[in-house]
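Residue numbers (this note's numbering): 1 to 391.
Ideal Cβ positions, reconstructed from N, Cα and C, are used throughout, including at glycine.
Owing to the predicted nature of the structure, the values given are computational and were not obtained by experimental measurement.
To start, the structure itself, in structure tokens.
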RNA sequence: GGAGGGAUGCCGGAGCGGCCAAUCGGAGCAGACUGUAAAUCUGCCGCCCUAAGGGCUACACAGGUUCGAAUCCUGUUCCCUCCA
């Protein structure tokens, strides 16, 4: 399968072999494969990073397999080891519930709602007894955890390692048992957890699942993994202009990765794009194609075209956008006050700074006097993409 | 239970009595340039004011010492490591 990625070629080969065999077996039994991927709910929105596996789920779905979208309503609560504040956990639980809902809805931008089973792992994990946990724990040794890279590093730097972190793979692993999964997808960093699932499945007398892992998507800063908390993400629920614009803002050198992981283009085309980049083609036009493709996936072709037009107009031609928000002003208002009040700047100090830096203009004319009175019916521009029309 | 270490701006992390609104890096913002909101370079980056200048609030919290404290002392809260 295009895009799957294992650090270890042996595992990859093994998994490929097992997957072929499982497909044959399933066909004989006249049943589809049961495929799933689990998502912890740390933020209310899905972003492009999540879509790598969701898109793979969709592929399985298109082949007629039984796709389960598992939301980690339970695992999310034990996942974050830094959060031990039990007083807050009730509120967190509530939030997780809400976010889980929006996760499912957003996932249906990719998956077929009719054919997808949405599962919440709190449904089964919260019912396990301490005895179950002990039983599962007997499948693993502490050494297996200690050799992990991240654990090693923290051991060396004296950072805390929480017991609950060791329990996390058990909880996640039980998902695979409960679902009787044939195949589980996950990010490469999840390999350890995915493999733990196999052990538990065997322990419970099931055939171990096939694990497929996929690369972690780098964020639009080109440095860290995409995540909401780092702010380097593109949410699939964001407006078309935003998705388009944010895609245009990724560094040129990660463009190919984005093509590979986030669009449907095939290998031949990918090779072609690669060649174009290497031969010094203008990355801008390729990136526009990428931005268009991604925007289209989540908003449709029409909106994608509009987003592209908007980008060309405002960014490339530095013209004003078609629609500018109107803001009602009082008679005696200075430009610095207006910018602050309307929220174009976070504070008066910032407004002053922006004016000093030459970032503010009225009807295309740069403003250098912060006390300038603003008339009605003019267009204010702050920086590259903040606009306002006074009324 | 015992011993030690720590809490600094969005994040990481200096500073260890005045030169601190606080070094530096990241993020963010702006300008220039351009091939795009890429890259690169430069600047900004607590809040308020009639903004060349002035004021206020800030270095976990509460007190204290001092002409003067992020820096010293006392207490409190929280966190980490090690031993048991």
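- For residue 347, the number of other beta carbons within 10 angstroms of its own is below 16, and it is reported as exposed.
- DSSP places residue 373 in the strand class (E or B) of the three-state scheme.
- In this structure, residue 345 and residue 382 form a Cβ contact; the two beta carbons are roughly 7 Å apart against a cut-off of 8 Å.
- Taking the Cβ atoms as the reference, residue 387 lies roughly 7 Å from residue 321, within the contact range of under 8 Å.
- With fewer than 16 neighbouring CB atoms inside 10 Å of its own CB, residue 267 falls in the exposed class.
- Secondary structure within the region 132–195: the beta strand (DSSP E) runs of 3 or more consecutive residues, fully enclosed, are 183–187 (chain order).
- For residue 67, the three-state secondary structure derived from DSSP is strand.
- By the neighbour-count definition (other C-beta atoms within 10 Å, threshold 16), residue 142 is an exposed residue.
- The continuous alpha helix (DSSP H) containing residue 244 extends over residues 240–248.
- A Cβ-Cβ separation of about 5 Å places residue 139 in contact with residue 199 under the 8 Å criterion.
- DSSP links residue 361 through a beta bridge to 366, 381.
- With fewer than 16 other Cβ atoms inside 10 Å of its own Cβ, residue 330 counts as exposed.
- A Cβ-Cβ separation of about 5 Å places residue 326 in contact with residue 389 under the 8 Å criterion.
- DSSP, reduced to helix, strand and coil, places residue 198 within a helical segment of the structure shown.
- Under DSSP, residue 263 shares a beta bridge with no residue.
- Within the region 12–78, the runs of alpha helix (DSSP H) at least 4 residues long that lie entirely inside it are, in chain order, 48–62.
- The C-alpha of residue 166 is placed about 34 Å away from the C-alpha of residue 113.
- By the CB criterion at 8 Å, residue 311 and residue 364 fall outside the cutoff.
- Counting along the chain, residue 354 sits inside the alpha helix (DSSP H) bounded by residues 348–356.
- In the structure shown, residue 120 adopts extended strand secondary structure according to DSSP, grouped into three states.
- Rounded to the nearest whole angstrom, the CA to CA distance from residue 260 to residue 270 is 7 Å.
- Following the DSSP letters along the chain, one finds residue 294 inside the alpha helix (DSSP H) bounded by residues 283–311.
- With respect to residue 136, residue 174 sits close: the two C-beta atoms are nearer than 8 Å.
- Per the coordinates, the alpha-carbon of residue 190 lies some 8 Å from the alpha-carbon of residue 213.
- Note that the C-beta distance between residue 36 and residue 146 is not below 8 Å.
- Residue 97 sits in a helix when the DSSP states are folded into three classes.
- Shortest Cα-Cα distance from residue 248 to any of 290, 196, 192, 372 involves 290.
- Closest in C-alpha terms to residue 264, from the list 54, 349, 45, 13, comes 54.
- The three-state secondary structure of residue 314, taken from DSSP, is helix.
- Taking every protein chain shown into account, the CB of residue 27 has fewer than 16 other CB atoms within 10 angstroms, so this residue is exposed.
- As DSSP reads the structure, residue 214 sits in a beta bridge with 187.
- Leaving aside the five residues that flank residue 299 on each side, the residues in its chain whose CB is nearer than 6 Å to its CB run, in chain order, 240.
- Collapsing the DSSP output to three states places residue 275 in a helix.
- Residue environment for residue 384: exposed (fewer than 16 other C-beta atoms within 10 angstroms of its C-beta).
- Excluding sequence positions up to five before and after residue 319, its CB lies within less than 8 Å of the CB of 313, all in the same chain and listed in chain order.
- CA-to-CA, the gap between residue 202 and residue 13 works out to about 20 Å.
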